[in-house]
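Worksheet: the structure to be examined is printed underneath.
Number of protein chains: 2
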Amino acid sequence: MRIGELAERTGTTTRTLRYYESRGLLSARRTGNGYRAYGEDDVRLLRQIRLLQDFGFELEQTRPFVECLRAGHPAGDSCPASLEVYRAKLAELDACIAGLQAVREQVGAQLARAELEAGEAEPRCELSPGPGRAADQLSGSPAE
Amino acid sequence: MRIGELAERTGTTTRTLRYYESRGLLSARRTGNGYRAYGEDDVRLLRQIRLLQDFGFELEQTRPFVECLRAGHPAGDSCPASLEVYRAKLAELDACIAGLQAVREQVGAQLARAELEAGEAEPRCELSPGPGRAADQLSGSPAE
DNA sequence: GCTGGCCTTGACGTCAGGGTCAAGGTCTAC
DNA sequence: GTAGACCTTGACCCTGACGTCAAGGCCAGC
Numbered sequence: 030m031r032i033g034e035l036a037e038r039t040g041t042t043t044r045t046l047r048y049y050e051s052r053g054l055l056s057a058r059r060t061g062n063g064y065r066a067y068g069e070d071d072v073r074l075l076r077q078i079r080l081l082q083d084f085g086f087e088l089e090q091t092r093p094f095v096e097c098l099r100a101g102h103p104a105g106d107s108c109p110a111s112l113e114v115y116r117a118k119l120a121e122l123d124a125c126i127a128g129l130q131a132v133r134e135q136v137g138a139q140l141a142r143a144e145l146e147a148g149e150a151e152p153r154c155e156l157s158p159g160p161g162r163a164a165d166q167l168s169g170s171p172a173e
Numbered sequence: 030m031r032i033g034e035l036a037e038r039t040g041t042t043t044r045t046l047r048y049y050e051s052r053g054l055l056s057a058r059r060t061g062n063g064y065r066a067y068g069e070d071d072v073r074l075l076r077q078i079r080l081l082q083d084f085g086f087e088l089e090q091t092r093p094f095v096e097c098l099r100a101g102h103p104a105g106d107s108c109p110a111s112l113e114v115y116r117a118k119l120a121e122l123d124a125c126i127a128g129l130q131a132v133r134e135q136v137g138a139q140l141a142r143a144e145l146e147a148g149e150a151e152p153r154c155e156l157s158p159g160p161g162r163a164a165d166q167l168s169g170s171p172a173e
């Protein structure tokens, strides 16, 4: 099949397929007129790449899977190198999630504090809050 | 103070400060020779920007905080627009964390399956795992 | 007056993953 | 025999937040 059909069958674009080829992830035979020619193997290979891309893998990280398939293995993750990428990705995801959760807490704390200060500067409720709050009355902005 | 000192005091670079100026986040008076001149207000403003940047805010998202400080408020988050950015960021963080956790689960499942298949194709342990419970025998990574 | 350090503007490079054109070759159907 | 769909390579554009020159102005110290 030619590049347009392969792109359609794998839900991508011809530009993307040429880009993958330029990165060495995909290769194509050429027909007499110079057109790229692909087979079913390339469909499987691309589905593998797209799956990993959907998971957020960088293109380079899909390379072991591609090479595994090319080597004739039944699945892209049948090789140790692919499993290592899985594990590294899991570690990366865990670190990323932990980092984001830490930021989330800090931003949440900032928001809570800012809302509190806004509420104190401009009290809306009838109840008078207890003492110890005069130091925060900063809203009288100095002139410029 | 001049740009080099400001960069040093705020832990950034002169290139970054000029970039912020080009984005309209920072402005500078000029001395007779054309050098940029900054004051303490700019230090506070930059500290605000860098704090948010450390939290992963995009530069554009720091603009309300900057404008709030410029308007004379005591803190960058003293204005409603800044609080809205906080809230939007929290929602964004939550969505991002949830998405990453979902991916983490899927990648984890892929790894478990691939390890299982690798183990079946090349059985290493003496025990023959019975059907149905083999999935739990994975913790002692088979290969390597 | 000379060296070294700081400053200026402007322009290009980076990273990933492509999008979009341009100019042209090829093939099929009518 | 020609329109239109497909293919080719090559080249530039995009995002974000800067890094890295290049070429030159300004200033302090010796």
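Residue numbers (this note's numbering), protein chains in the order written: chain U, 30 to 173; chain Z, 30 to 173.
Just so you know, even glycine gets a beta-carbon here, dropped at the ideal spot from N, CA and C.
Look at the alpha carbon of glutamate 144 of chain U and the alpha carbon of proline 93 of chain U, and state the distance between them as a whole number of angstroms. For the purposes of this step, residue 144 of chain U is identified with residue 115 of the first sequence, where counting begins at 1. For the purposes of this step, residue 93 of chain U is identified with residue 64 of the first sequence, where counting begins at 1. Their Cα atoms are separated by approximately 50 Å.
Residue from Z/Gly137, Z/Thr42 and Z/Ser56 with nearest C-alpha to aspartate 106 of chain U: In the first sequence, counting from the first residue as 1, residue 106 of chain U sits at position 77. Of all alpha-carbon atoms in Z/Gly137, Z/Thr42 and Z/Ser56, the one lying nearest the alpha-carbon of aspartate 106 of chain U is that of Z/Gly137.
Roughly how many whole angstroms lie between the Cα atoms of glutamine 77 of chain U and glutamate 50 of chain Z? Along the first sequence, one-based indexing puts residue 77 of chain U at 48. Along the second sequence, one-based indexing puts residue 50 of chain Z at 21. So the alpha carbons of these two residues sit roughly 45 Å apart.
Checking 8 Å against the spacing of the C-beta atoms, do threonine 43 of chain U and glycine 53 of chain U come in under that value? On the first sequence, residue 43 of chain U is found 14 positions in, with the first residue counted as 1. On the first sequence, residue 53 of chain U is found 24 positions in, with the first residue counted as 1. It is not a contact, given that the beta carbons lie outside the stated cut-off.
Going along the region 103-133 of chain U in order, which residues come within less than 8 Å of chain Z, judged by CB to CB distance? Hits within the stretch, in order: Ala104, Asp106, Ser107, Pro109, Ser111, Leu112, Tyr115, Arg116, Lys118, Leu119, Leu122, Asp123, Cys125, Ile126, Leu129, Gln130, Val132 and Arg133.
What are the boundary residues of the alpha helix (DSSP H) that includes tyrosine 48 of chain Z? Working through the second sequence from its first residue, we reach residue 48 of chain Z at position 19. Boundaries of the alpha helix (DSSP H) harbouring tyrosine 48 of chain Z: 43-51, taken from the DSSP string.
Return no unless some Cβ of chain Z is closer than 8 Å to the Cβ of leucine 140 of chain U. Counting from 1 along the first sequence, the entry for residue 140 of chain U is found at position 111. Yes, leucine 140 of chain U counts as interfacial toward chain Z.
Would you kindly work out how many angstroms separate the C-alpha atoms of glycine 85 of chain U and leucine 140 of chain U, rounded to a whole number? Counted from its first residue, the first sequence places residue 85 of chain U at position 56. Counted from its first residue, the first sequence places residue 140 of chain U at position 111. In a straight line, the C-alpha of glycine 85 of chain U is about 30 Å away from that of leucine 140 of chain U.
With a threshold of 16 other CB atoms inside 10 Å of the CB of aspartate 71 of chain Z, please say whether the residue is buried or exposed. Counting from one through the second sequence, the residue named residue 71 of chain Z turns up at place 42. Aspartate 71 of chain Z is buried by the Cβ-count criterion.
Mind checking threonine 60 of chain U: buried by the 16 CB within 10 Å criterion, or exposed? The count along the first sequence starts at 1 and reaches residue 60 of chain U at position 31. So threonine 60 of chain U ends up on the exposed side.
Ordered along the chain, which non-local residues of its own chain (more than five positions away) have a Cβ less than 8 Å from that of histidine 102 of chain U? Reading the first sequence from its first residue, position 73 is the one you call residue 102 of chain U. Cys108.
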